[in-house]
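Q: If you scroll down you'll find the structure; I have some questions about it.
In full-length UniProt numbering, the protein residues as written are 1 to 607.
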């Protein structure tokens, strides 16, 4: 941790005689600063804001310690960064005002470990040591100075032997912790109530609408932290209507932008560990592992011209065709044997082949033939073929009946590959849903991103209710629950199905301002939080208290249901289109044969 020591002296006169040495230049800064470093700040990084008077030398060899020192010479700093340096006279008395310069506005009120060293103008060997107040309920007074001790350089002694760096974080005495957040269940829950409120929304100023009860799986960690360290949780929803982003000039929008601009200290609520924001903000240890998935359209009922082919699989159809070809060949061969050997009829091979083909078709549809069979071989073969065809047609009829009774459904886009192959369009209400995978190397992820759209909640609700064939993002929590947008109603969920896999997963964190003093305590609490199983307990508790449990069960049930629950459906012409096509094909072939026979008979009569 970096500590900041700020040695100060009385403001020098604007007009000094170059021949006369200012007594303030004889201030023994080296002794006091090295003494403080030896007692408190060994092996740390030191930041020294240096006044224009006096001199300072590190005496690490004499004291036997090492430290990295960042010397900031105020006159050079003032000339180099005029726009970034502000006067801070209000923090000191009239005697002390005028010399001190501060970089970055929130150093004094937001950092607890600041030590101010003041040299007395009457005696350059006596120093007063002060620190900023930091804790307490009024943040505007956090930067006021508090007297700690007095040091005498003549004999290297302190007057009261006080701790120069007291632990101000153990008891924050009601200091406010401002949280940027928006209502996003179950991570962050905001309820504006008149009673049982545990926080206040700064967006409403001093009005009664500022009374708020906050809850949530991640908000609970902040509430517990403030119970332990005696701080007060305040929320600021002024700009927190989305996750937001941070820009290079340390500005931003929405929740993360408020943290970057300093109007809030911490932001939670499904904040993923985005590396682009970590450049400008600090992040905590992970809060929860969450998976981003989609509710996709449920499979539709199949009713096409291919319905007559559905009872048998492709391999079984090949087996049936092979058997029919074998039956045709056997009947043709035995018919030729019967007419040539037994009956001595002058029958050609073509007539035997036609006999075998026609007989095979008649047996397949359970129709009798008109011919007379003499050979016992042909009779046994016809009987065997009839039994085999009867079994095949019975199985086919039973399969077709079951398909019409228990309908079959198509394939749902419940994996990334299926989303890509079906070119499913999917949508969400913020870019934050896909910012993590924008730079992915996976071609499937890049493919489905081309079909991703951002719409308002009203538009998403309309798409879901109208069953427009879109997928909708949601989060899968680690202990069996889901973060579902309000635009997904129980009625629209009936026509959707949750994916079998996650699009991706991430770890949510808390984003805080740079050098937030409570980050270490917050991380330590998270270690205990996870090891004690409180993350699981509060997920179940928050969902039960603040969310629609029936909707949770409804989404979970879609994991085991592969079809849309539309109830009994009357059969229509679409269910028989395939059979009608076969009938039409048969009529067409019959007409062609009829025309052929008429032409052939007319030609013979003419001859």
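By construction, the Cβ of each residue, glycine as well, lies at the ideal position given by its N, Cα and C atoms.
So, residue 463 versus residue 470, is the Cβ gap smaller than 8 Å?
A: Residue numbering aside, residue 463 sits at position 463 when the chain shown is read from its first letter. Residue numbering aside, residue 470 sits at position 470 when the chain shown is read from its first letter. Result yes, Cβ atoms of residue 463 and residue 470 sit closer than 8 Å.
Q: Taking the alpha helix (DSSP H) that residue 510 falls in, what are its first and last residues?
A: Taking the chain shown and counting its residues from 1, one reaches residue 510 at position 510. It is not in any alpha helix (DSSP H) - residue 510 instead sits in the beta strand (DSSP E) that spans 504-512.
Q: Just to confirm, are residue 297 and residue 496 a CB contact at a threshold of 8 Å?
A: For this step, residue 297 is matched to residue 297 along the chain shown. For this step, residue 496 is matched to residue 496 along the chain shown. Yes. Within cutoff.
Q: Opposite residue 125 in the DSSP bridges: which residues?
A: Position 125 of the chain shown holds residue 125. In DSSP, residue 125 forms no bridge with anything.
Q: Taking the alpha helix (DSSP H) that residue 189 falls in, what are its first and last residues?
A: The residue you call residue 189 lines up with position 189 of the chain shown. Not the alpha helix (DSSP H): residue 189 falls in the beta strand (DSSP E), residues 189-192.
Q: Specify the secondary structure class of residue 130 as computed by DSSP and reduced to three states.
A: Residue 130 sits at position 130 when you count from the first residue of the chain shown. Strand, per DSSP.
Q: Which stretch, first to last residue, makes up the alpha helix (DSSP H) that contains residue 557?
A: Sequence index remark: in the chain shown, residue 557 carries index 557 (1-based). Residues 549-557.
Q: Any contact between the region 436-447 and the region 507-527? By contact I mean 3 or more CB pairs, one from each, below 8 Å.
A: no
Q: Nearest by alpha-carbon distance to residue 355: which of 278, 334 and 273 is it?
A: As a working note, residue 355 is residue 355 in the chain shown. Per the Cα distances, 334.
Q: May I ask you to report which of helix, strand or coil DSSP gives residue 350?
A: Translated into positions along the chain shown, residue 350 becomes position 350. It is helical.
Q: Go through its chain and collect everything with a Cβ distance to residue 167's Cβ below 8 Å, but skip five positions before and after it.
A: Position 167 of the chain shown, counted from the first residue, corresponds to residue 167. So the list is empty, once near-sequence residues are dropped.
Q: What is the DSSP secondary structure of residue 654, reduced to helix, strand or coil?
A: Here the chain has residues from 1 to 607 only, and residue 654 is not among them.
Q: Just checking, does the region 250-262 make contact with the region 203-222 on the three C-beta pairs under 8 Å criterion?
A: In short, these stretches do not touch, since the Cβ pair count stays below three.
Q: Could you tell me whether the region 266-281 touches the region 239-246, where touching means 3 or more Cβ pairs closer than 8 Å?
A: yes
Q: Quick one, are the C-beta atoms of residue 186 and residue 494 less than 8 Å apart?
A: One-based indexing of the chain shown puts residue 186 at position 186. One-based indexing of the chain shown puts residue 494 at position 494. Their beta carbons are not under 8 Å apart, which means residue 186 does not touch residue 494 by this criterion.
Q: Between 425, 560, 416 and 457, which lies nearest to residue 442 when the distance is taken from Cα to Cα?
A: For the purposes of this step, residue 442 is identified with residue 442 of the chain shown, where counting begins at 1. Among 425, 560, 416 and 457, the Cα nearest to that of residue 442 is on 416.
Q: Buried or exposed for residue 528, please, with buried defined as at least 16 other CB atoms from any protein chain shown within 10 angstroms of its CB.
A: The sequence position of residue 528 within the chain shown is 528, counting from 1. Label assigned to residue 528: exposed.
Q: Grab the span of the alpha helix (DSSP H) containing residue 39 for me, first residue to last.
A: Numbered from 1 along the chain shown, position 39 holds the residue referred to as residue 39. Per DSSP, residue 39 belongs to the alpha helix (DSSP H) from 29-40.
Q: Tell me, which residues are paired with residue 283 by DSSP?
A: By 1-based counting over the chain shown, the position of residue 283 is 283. 511.
Q: Given that a residue counts as buried once 16 or more other Cβ atoms are within 10 Å of its Cβ, and exposed if not, what is residue 175?
A: Translated into the one-based positions of the chain shown, residue 175 becomes position 175. By the neighbour-count rule (16 or more Cβ atoms within 10 Å), residue 175 is buried.
Q: With a 10 Å radius around its C-beta and 16 neighbouring C-beta atoms as the bar for buried, classify residue 524 as buried or exposed.
A: One-based indexing of the chain shown puts residue 524 at position 524. Classification for residue 524: exposed.
Q: Where does residue 183 fall in DSSP's three states?
A: Against the chain shown, residue 183 aligns to sequence position 183. Residue 183: coil per DSSP, three-state reduction.
Q: In the DSSP assignment, the beta strand (DSSP E) including residue 267 goes from what residue to what residue?
A: As a first step, residue 267 must be located in the chain shown, where it is residue number 267. Where residue 267 is concerned, the enclosing beta strand (DSSP E) stretches over 266-272.
Q: Do residue 237 and residue 181 count as a contact pair if the criterion is CB distance below 8 Å?
A: Walking along the chain shown from the start, residue 181 turns up at place 181. Walking along the chain shown from the start, residue 237 turns up at place 237. Yes, Cβ-Cβ distance for residue 181 and residue 237 is below 8 Å.
Q: If you draw a straight line from the alpha carbon of residue 360 to that of residue 327, how long is it in whole angstroms?
A: To locate residue 360, count along the chain shown from 1; it is residue 360. To locate residue 327, count along the chain shown from 1; it is residue 327. The alpha-carbon atoms of residue 360 and residue 327 are separated by roughly 7 Å.
Q: Residue 231 bridges to which residues according to DSSP?
A: For the purposes of this step, residue 231 is taken as residue 231 along the chain shown, with counting starting at 1. Bridge partners of residue 231: 175.
Q: Taking C-beta to C-beta, are residue 233 and residue 177 nearer than 8 Å?
A: The sequence position of residue 233 within the chain shown is 233, counting from 1. The sequence position of residue 177 within the chain shown is 177, counting from 1. In this structure, residue 177 lies closer than 8 Å to residue 233 by Cβ.
Q: Are there 16 or more other CB atoms within 10 angstroms of the CB of residue 190, so buried, or fewer, so exposed?
A: Residue mapping note: residue 190 aligns to position 190 of the chain shown, counting from 1. Residue 190 is buried by the Cβ-count criterion.
Q: Could you give the distance in angstroms between the alpha-carbon of residue 426 and the alpha-carbon of residue 458?
A: Here the question's residue 426 lines up with position 426 in the chain shown. Here the question's residue 458 lines up with position 458 in the chain shown. Answer to the nearest angstrom: the Cα atoms are 15 Å apart.
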